[in-house]
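Let me begin by presenting the structure, written as structure tokens, before commenting on it.
In my numbering, the protein residues as written are 66 to 171.
Pasting the structure below:
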């Protein structure tokens, strides 16, 4: 399993609240349709005014080929174009990782 992790920074013309509404609303609905997407999770800071980032997104795919295919697809292009409207795409690191669960009591 491959996970894309991105620490997200909003564009300066969006308040944190406007960012959250867009990111977890219409953008999330669009992103859910990425082909091959296994899991999609977002995290928001509990104190956004004290955080360097406005959120964290985690997208899970079976492998790197599935991730590349998803973002190379028409829907992937739409997801990125939509994100570029309210996310500063040049800020915030992006990681491609293989997750190892050390403990899961859920």
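No residue lacks a Cβ here, since even glycine has one placed at the ideal position from N, Cα and C. These numbers come from a predicted model, not from an experiment.
Endpoints, the beta strand (DSSP E) within which residue i is located
i, result
"residue 141", "No beta strand (DSSP E) holds residue 141; the alpha helix (DSSP H) holding it covers 139-151."
"residue 123", "120-126"
"residue 161", "159-162"
"residue 68", "67-73"
Rounded separation between residue i and residue j - CA only
i, j, result
"residue 151", "residue 169", "34 Å"
"residue 133", "residue 142", "11 Å"
"residue 91", "residue 79", "15 Å"
"residue 89", "residue 107", "8 Å"
"residue 145", "residue 137", "10 Å"
"residue 139", "residue 94", "15 Å"
"residue 160", "residue 154", "14 Å"
"residue 72", "residue 82", "17 Å"
Identity of the residue in the options nearest residue i by Cα
i, options, result
"residue 66", "154, 121, 128, 133", "128"
"residue 77", "149, 112, 171, 95", "149"
"residue 104", "81, 139, 122", "122"
Reduced DSSP secondary structure (H/G/I, E/B, other) of residue i
i, result
"residue 102", "strand"
Nonlocal neighbours in the same chain, by C-beta distance under 8 Å from residue i, ignoring five residues either side
i, result
"residue 110", "116, 118, 119, 120"
"residue 101", "126, 127, 131, 132, 134, 135"
"residue 163", "66, 67, 68"
Where the alpha helix (DSSP H) containing residue i begins and where it ends
i, result
"residue 95", "91-96"
Residues of its chain near residue i, where Cβ-Cβ distance is below 7 Å and the 5 sequence neighbours each way are ignored
i, result
"residue 86", "none"
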